[in-house]
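A.B. asks:
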Amino acid sequence: MADPYDLLAIDSLLSENEKSLRASVRAFVDAEIRPHIADWYERAVFPVELVPRLAELGLLGMHIQGFGCAGRSAVEYGLAAAELEAGDSGLRTFVSVQGSLAMSAIAKHGSEQQKSDWLPRMAAGKVIGCFGLTEPGSGSDPGSMSTFARRDGNDWVITGTKRWIGLATIAHLAVIWAQTDAGGSPSGIRGFLVPTDTTGFTATPIAPKLSMRASIQCDIVLDEVRVPADALLPGAEGLRGPFSCLNEARYGIAWGVLGAARDSYRAALEYSLTREPFGKPLAAFQLTQQKLVDMALEIEKGFLLALHLGRLKDAGDLQPHQISVGKLNNTRVAIQIARDARAMLGGNGITLDFSPLRHANNLESVRTYEGTDEVHTLVLGQAITGIAAFR
Ligand SMILES: Cc1cc2nc3c(=O)[nH]c(=O)nc-3n(C[C@H](O)[C@H](O)[C@H](O)COP(=O)(O)OP(=O)(O)OC[C@H]3O[C@@H](n4cnc5c(N)ncnc54)[C@H](O)[C@@H]3O)c2cc1C
177 MADPYDLLAI DSLLSENEKS LRASVRAFVD AEIRPHIADW YERAVFPVEL
227 VPRLAELGLL GMHIQGFGCA GRSAVEYGLA AAELEAGDSG LRTFVSVQGS
277 LAMSAIAKHG SEQQKSDWLP RMAAGKVIGC FGLTEPGSGS DPGSMSTFAR
327 RDGNDWVITG TKRWIGLATI AHLAVIWAQT DAGGSPSGIR GFLVPTDTTG
377 FTATPIAPKL SMRASIQCDI VLDEVRVPAD ALLPGAEGLR GPFSCLNEAR
427 YGIAWGVLGA ARDSYRAALE YSLTREPFGK PLAAFQLTQQ KLVDMALEIE
477 KGFLLALHLG RLKDAGDLQP HQISVGKLNN TRVAIQIARD ARAMLGGNGI
527 TLDFSPLRHA NNLESVRTYE GTDEVHTLVL GQAITGIAAF R
């Protein structure tokens, strides 16, 4: 019999280092996430006590070179994201927000001083970061943001609101994107490093949620938040600043969601081999085999796509529209697999004893954040036709 989780022997395309990293993250998820995730999800708790363990595993800012970060490859980062998301999207989201968004913003656009001040502590899990781009009235179109930073002597004073900001209530540092005075210098959208204990900064969790329950997202109010001149990220001007970080996170999602898909498929396969409607295993019915085969094919193709993107990224050749292919396709595939797996579990599938409906609910968020299905479709529509149809 073939390996139902690796029909195409995709493992043969991975190096020993890649497989060993994957094994260590998988063991961590099996030991420290799986036994507790249903309870965390039900109680809507993010297990903040796991942050030091994620740091010990070298998963925080793992693709960043230097400053205490693990300096792992893009493929290794992707494999880790898939294993974490097989546990729960909320845990992978933590690693994405910390590493791909907050730490990447500093690593890509920060001064040497900012990098050495923040990155080592963030890699060690001692400082948690968040990334404030979205606003109540500005999501898919972040260029329309209204948060504003005005220059006042040597300081910047930031006023506005942000919404859906992951980790903000437990974060020590917020990367805040704001419009700046076009008449001044510098102008346009800029990023600021704002310690969350700065006067005028307030974060409130968004609740109750039906998705990403083992994860924190918040509303933020910035009421005349005063930061010094050196809080500005010098290397980020305009939307290219936040977009370069979003590309890192979107790349991780193209892998991560396949973990949720694989875990859903595993639940459906195991259940179908033991459940016996009409006197024989569910897996013995042709209709069931069709469903399982469809899941396995999409997961295999999804991993090949993610691996290809990872190899391109490690070679320095990955283009933004190619990331859209991975994010759009693999999230779409994963949510369908999670839903189909839920249906195969019958009534039991709606309990927290099984993972597929939890994954499907989480994936509703994943298809919305880091560019919705529609936004990535429009990115690809433009790539194919040369015509932008965003507005
Ligand atoms: C769990 C979760 C975590 C998040 N974490 C963060 C975070 O850490 N930091 C952060 O800054 N943001 C975060 N977000 C915000 C997320 O990025 C936004 O929700 C997302 O960009 C969509 O914005 P919106 O919710 O305002 O929806 P809108 O932009 O209002 O979109 C509503 C609908 O309209 C569609 N639409 C929009 N424009 C077009 C168009 N041109 N053509 C056709 N359809 C269109 C969208 O696809 C969507 O279906 C998070 C969101 C969630 C749910």
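Count along the sequence shown from 1, add 176, and you get the number used in the working numbering. Beta carbons: idealized from backbone N, C-alpha and C, even for Gly.
#1: What would DSSP say about A519, mapped onto helix, strand or coil?
#2: What separation, rounded to the nearest whole angstrom, lies between the Cα atoms of I282 and S249?
#3: For L528, which residues of its own chain have a beta-carbon under 7 Å away from its beta-carbon, when the five flanking residues on both sides are left out?
#4: Is it true that the CB of E259 sits closer than 8 Å to the CB of R198?
#5: With 16 as the cutoff for other CB atoms within 10 Å, does D439 come out buried or exposed?
#6: Taking DSSP as the reference, what is the three-state secondary structure of L415?
#7: Per DSSP, which residues does L183 bridge with? Please list them.
#8: What residue range is occupied by the uninterrupted alpha helix (DSSP H) comprising E259?
#9: Between the Cα of W294 and those of I334, F566, M279, V397, spot the shortest distance and give me the residue it belongs to.
#10: Residues in the same chain with beta-carbon distance under 7 Å from A510, minus the five sequence neighbours each way, listed in chain order, please.
#11: Under 8 Å between C-beta atoms, does T380 make it to chain D?
#12: How is P532 classed by DSSP in three states: helix, strand or coil?
#13: Roughly how many whole angstroms lie between the Cα atoms of F566 and L554?
#14: Which residues does DSSP list as the beta-bridge partners of I338?
#15: Just reading off the alpha helix (DSSP H) that T553 is part of, what are its end residues?
#16: In this structure, does DSSP put L609 in helix, strand or coil?
#17: Spatial neighbours of T507 within its chain, please: CB distance less than 6 Å, with the 5 preceding and 5 following residues excluded, ordered by chain position.
#18: Return the residue from the list I396, A390, V224 that minimises the CA-CA distance to G301.
#19: Check this for me: beta carbons of V227 and A262, under 8 Å apart or not?
#20: What does a CB cutoff of less than 8 Å around T345 pick up in its chain, not counting 5 residues either side in sequence?
#21: Alpha carbon to alpha carbon, how far is K477 from D549? Give it in angstroms, no decimals.
#22: Helix, strand or coil for C421 per DSSP?
#23: Return yes when at least one heavy atom of ligand 1 lies under 7 Å from the C-beta of Q393, else no.
#24: Could you name the residues of the same chain whose beta carbon sits closer than 6 Å to that of Y447, not counting the 5 residues immediately before and after it, in chain order?
#25: Check whether the Cβ atoms of A350 and V370 sit closer than 8 Å, and answer yes or no.
#26: Which whole-angstrom value describes the C-beta separation of A178 and A231, a residue pair presumed to lie in contact below a C-beta threshold of 8 Å?
#27: Please go through the same chain and pick out, in chain order, the residues whose beta-carbon is closer than 7 Å to the beta-carbon of E546, but skip the five residues on each side of it.
#28: Is G237 near ligand 3, with its Cβ less than 7 Å from a heavy atom?
#29: Check this for me: beta carbons of L481 and I186, under 8 Å apart or not?
#30: Using DSSP with H/G/I as helix, E/B as strand and the rest coil, what is Q495?
#31: Below 6 Å CB to CB, which residues in the same chain sit around G414 once its five sequence neighbours on both sides are set aside?
#32: Using alpha carbons as the reference points, say which of G242, Y253, L236, E208 lies closest to R487.
#33: In whole angstroms, what is the alpha-carbon distance linking G367 and G376?
#34: Rounding to the nearest angstrom, what Cα-Cα distance links L309 and F324 in this structure?
#35: Return helix, strand or coil for R451, following the three-state DSSP convention.
#36: May I ask whether a heavy atom of ligand 1 can be found less than 7 Å away from the beta carbon of M388?
C.D. replies: Working from what's here:
#1: Here residue 519 corresponds to residue number 343 of the sequence shown, with the count starting at 1. Helix.
#2: In the sequence shown, the residue the question calls residue 282 occupies position 106. In the sequence shown, the residue the question calls residue 249 occupies position 73. Spanning the two alpha carbons is a distance of roughly 19 Å.
#3: Residue numbering aside, residue 528 sits at position 352 when the sequence shown is read from its first letter. Cβ within range, chain order: A214, Y217, E218, R534.
#4: The sequence position of residue 198 within the sequence shown is 22, counting from 1. The sequence position of residue 259 within the sequence shown is 83, counting from 1. Closer than 8 Å, so yes.
#5: As a working note, residue 439 is residue 263 in the sequence shown. By the neighbour-count rule (16 or more Cβ atoms within 10 Å), D439 is buried.
#6: Taking the sequence shown and counting its residues from 1, the one referred to as residue 415 is at position 239. DSSP places L415 in the coil class of the three-state scheme, outside both helix and strand.
#7: Within the sequence shown, residue 183 is the residue found at index 7, counting from 1. None; L183 has no bridge partner.
#8: To locate residue 259, count along the sequence shown from 1; it is residue 83. E259 -> alpha helix (DSSP H) spans 250-263.
#9: Reading the sequence shown from its first residue, position 118 is the one you call residue 294. Ranking the options by Cα distance to W294, first place goes to M279.
#10: As a working mapping, residue 510 is identified with position 334 in the sequence shown. Cβ within range, chain order: V433, L434, A436, A437, L539.
#11: You won't find chain D in this structure, because it holds only one protein chain.
#12: Residue 532 sits at position 356 when you count from the first residue of the sequence shown. In this structure, P532 counts as helix in the three-state DSSP scheme.
#13: Here the question's residue 566 lines up with position 390 in the sequence shown. Here the question's residue 554 lines up with position 378 in the sequence shown. Roughly 6 Å between the two C-alpha positions.
#14: Residue numbering aside, residue 338 sits at position 162 when the sequence shown is read from its first letter. The question names Ile, but residue 338 in the sequence shown is Lys. Looking at the DSSP assignment, K338 forms a beta bridge with I396.
#15: In the sequence shown, the residue the question calls residue 553 occupies position 377. Where T553 is concerned, the enclosing alpha helix (DSSP H) stretches over 549-561.
#16: Summary: the structure shown does not reach residue 609, with the chain confined to residues 177 through 567, and so no result is reported for it.
#17: Within the sequence shown, numbered from 1, the residue matching residue 507 stands at position 331. Only residues of its own chain outside the window of five on either side were considered, and among them V433, V542, R543 have a CB closer than 6 Å to the CB of T507, listed in chain order.
#18: Counted from its first residue, the sequence shown places residue 301 at position 125. Of the listed residues, the one whose Cα sits closest to G301 is V224.
#19: Your numbering for residue 227 matches position 51 in the sequence shown. Your numbering for residue 262 matches position 86 in the sequence shown. No, the Cβ-Cβ distance between V227 and A262 is not below 8 Å.
#20: Here residue 345 corresponds to residue number 169 of the sequence shown, with the count starting at 1. Taken in chain order, the residues that qualify are A379, T380, P381, I392, C394.
#21: Stepping through the sequence shown from its first residue, residue 549 is reached at position 373. Stepping through the sequence shown from its first residue, residue 477 is reached at position 301. When rounded, the distance between both Cα atoms is 19 Å.
#22: For the purposes of this step, residue 421 is taken as residue 245 along the sequence shown, with counting starting at 1. Of the three classes helix, strand and coil, the one that applies to C421 here is helix, per DSSP.
#23: Here residue 393 corresponds to residue number 217 of the sequence shown, with the count starting at 1. It does: the Cβ of Q393 is within 7 Å (strictly closer) of some heavy atom of ligand 1.
#24: Numbered from its first residue, the sequence shown carries residue 447 at position 271. Non-local C-beta neighbours of Y447 in its own chain, meaning closer than 6 Å and more than five positions away in sequence, comprise L521, ordered along the chain.
#25: On the sequence shown, position 174 is the one that residue 350 refers to. On the sequence shown, position 194 is the one that residue 370 refers to. Yes.
#26: Indexing the sequence shown from 1 puts residue 178 at position 2. Indexing the sequence shown from 1 puts residue 231 at position 55. Rounded, the Cβ-Cβ distance is 38 Å, inconsistent with contact.
#27: As a working mapping, residue 546 is identified with position 370 in the sequence shown. Contacts found: L422, A425, R426, I429, K503.
#28: With respect to ligand 3, the structure shown offers nothing to examine, as its ligands consist of ligand 1.
#29: One-based indexing of the sequence shown puts residue 481 at position 305. One-based indexing of the sequence shown puts residue 186 at position 10. Not a contact, by the Cβ cut-off of 8 Å.
#30: To locate residue 495, count along the sequence shown from 1; it is residue 319. Note: Q495 maps to coil in three-state DSSP.
#31: Residue 414 sits at position 238 when you count from the first residue of the sequence shown. If we look at G414 and ignore the five residues flanking it on each side, its Cβ neighbours are G364, I365.
#32: Within the sequence shown, residue 487 is the residue found at index 311, counting from 1. Per the Cα distances, Y253.
#33: Indexing the sequence shown from 1 puts residue 367 at position 191. Indexing the sequence shown from 1 puts residue 376 at position 200. Roughly 18 Å between the two C-alpha positions.
#34: The residue you call residue 309 lines up with position 133 of the sequence shown. The residue you call residue 324 lines up with position 148 of the sequence shown. Going by the C-alpha atoms only, they are around 12 Å apart.
#35: Translated into positions along the sequence shown, residue 451 becomes position 275. Here R451 sits in coil by DSSP.
#36: Position 212 of the sequence shown, counted from the start, is the residue given in the question as residue 388. Yes, the beta carbon of M388 sits closer than 7 Å to at least one heavy atom of ligand 1.
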